[in-house]
Amino acid sequence: MAPKAAPKAPAATDSGSAKALEVVKTKVDELCGHLPPTVNGQLDSIAKKAGTQKMFLVLGLAGVLLIVVLMCPQTFMLDVVGTGFPVFAGLQMLAADKFTDAPFWTTYWIIFAAFKVLMGPLDFILSFVPYYSSLSYLLKLAFFVWLWFPSTKGATMILERGLKPFVLPRIPGKEE
10 MAPKAAPKAP
20 AATDSGSAKA
30 LEVVKTKVDE
40 LCGHLPPTVN
50 GQLDSIAKKA
60 GTQKMFLVLG
70 LAGVLLIVVL
80 MCPQTFMLDV
90 VGTGFPVFAG
100 LQMLAADKFT
110 DAPFWTTYWI
120 IFAAFKVLMG
130 PLDFILSFVP
140 YYSSLSYLLK
150 LAFFVWLWFP
160 STKGATMILE
170 RGLKPFVLPR
180 IPGKEE
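Heads up: the sequence shown is residues 10 to 185, going by the working numbering.
Printed below as a string of structure tokens:
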């Protein structure tokens, strides 16, 4: 009896996969449209040098970033996300000798320090809640990014809606 031939795998160019690939490409291009032009230019340059499409480069970088975020120790990753870009932006501000962003970065560092101090005891108390550790880690990462991300500037929102009306009027030594 002759051995049966292995069934053929569906072609990669069938209409379902082609449509799915086109949808992914459209979404990645849409995402890249929101990036600064310099970043987009760098991605184009790297993709051209690598001989691949920008979509695959972006998806690969996103995959590596996801692995790093999920595999690194949580406290280390929170410290990297919470201090990496803010330190860089603060040094840029000092190097340019332009302090228009000083209230924003001062507010950010006050919130960051208060968060780090308060989360120690709160993490211990809340660690008894099921799934708290995994969920809180992702929420903390999102919170830090929301605080400093240039398009959200969450620290400014906290300054305007929380600190200025409720905290700053109660600080002694404020000049009248």
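Each residue gets a CB set at the ideal place from its N, CA and C atoms; glycine is no exception.
Here the structure is a predicted model, which is why all the values come from computation and not from measurement.
Task: Distance between beta carbons of F113 and G4, contact taken as under 8 Å - done: The requested residue 4 does not occur in the structure, where the chain is confined to residues 10 to 185.
- [ ] Could you have a look at F124 and say whether DSSP puts it in helix, strand or coil?
- [x] For the purposes of this step, residue 124 is identified with residue 115 of the sequence shown, where counting begins at 1. Correct three-state label for F124: helix.
Open item on the list: With a threshold of 8 Å on Cβ separation, who are the neighbours of V37 within its own chain once the five nearest residues in sequence on each side are excluded?
Closed with: Counted from its first residue, the sequence shown places residue 37 at position 28. Here the set comprises K63, M64, V67, L68.
Task: Boundaries (first-last residue) of the alpha helix (DSSP H) holding D106 - done: Here residue 106 refers to the residue found at position 97 of the sequence shown. Element bounds for D106: n/a, residue is neither H nor E.
Task: Span separating the alpha-carbon of V78 from that of F108 - done: The count along the sequence shown starts at 1 and reaches residue 78 at position 69. The count along the sequence shown starts at 1 and reaches residue 108 at position 99. When rounded, the distance between both Cα atoms is 32 Å.
Task: Residue burial classification, P178 (beta-carbon count within 10 angstroms, cutoff 16) - done: Position 169 of the sequence shown holds residue 178. P178 counts as exposed, since fewer than 16 other C-beta atoms from the protein chains shown sit within 10 angstroms of its C-beta.
Open item on the list: Quick check on Y117: buried or exposed, where buried means 16 or more other Cβ atoms within 10 Å of its Cβ?
Closed with: Here the question's residue 117 lines up with position 108 in the sequence shown. Label assigned to Y117: buried.
Open item on the list: Applying the 10 Å Cβ sphere with the 16-neighbour rule, what's the burial state of A164?
Closed with: Residue mapping note: residue 164 aligns to position 155 of the sequence shown, counting from 1. Burial call: buried.
Open item on the list: On the criterion of 16 or more Cβ atoms from any shown chain inside 10 Å, does F175 qualify as buried, or is it exposed?
Closed with: Sequence index remark: in the sequence shown, residue 175 carries index 166 (1-based). In the assembly as shown, F175 is an exposed residue. Its beta-carbon has fewer than 16 other beta-carbons within 10 Å.
Open item on the list: What does the alpha-carbon distance come out to for the pair W157 and G50?
Closed with: On the sequence shown, position 148 is the one that residue 157 refers to. On the sequence shown, position 41 is the one that residue 50 refers to. Straight-line measurement puts the Cα of G50 at about 24 Å from the Cα of W157.
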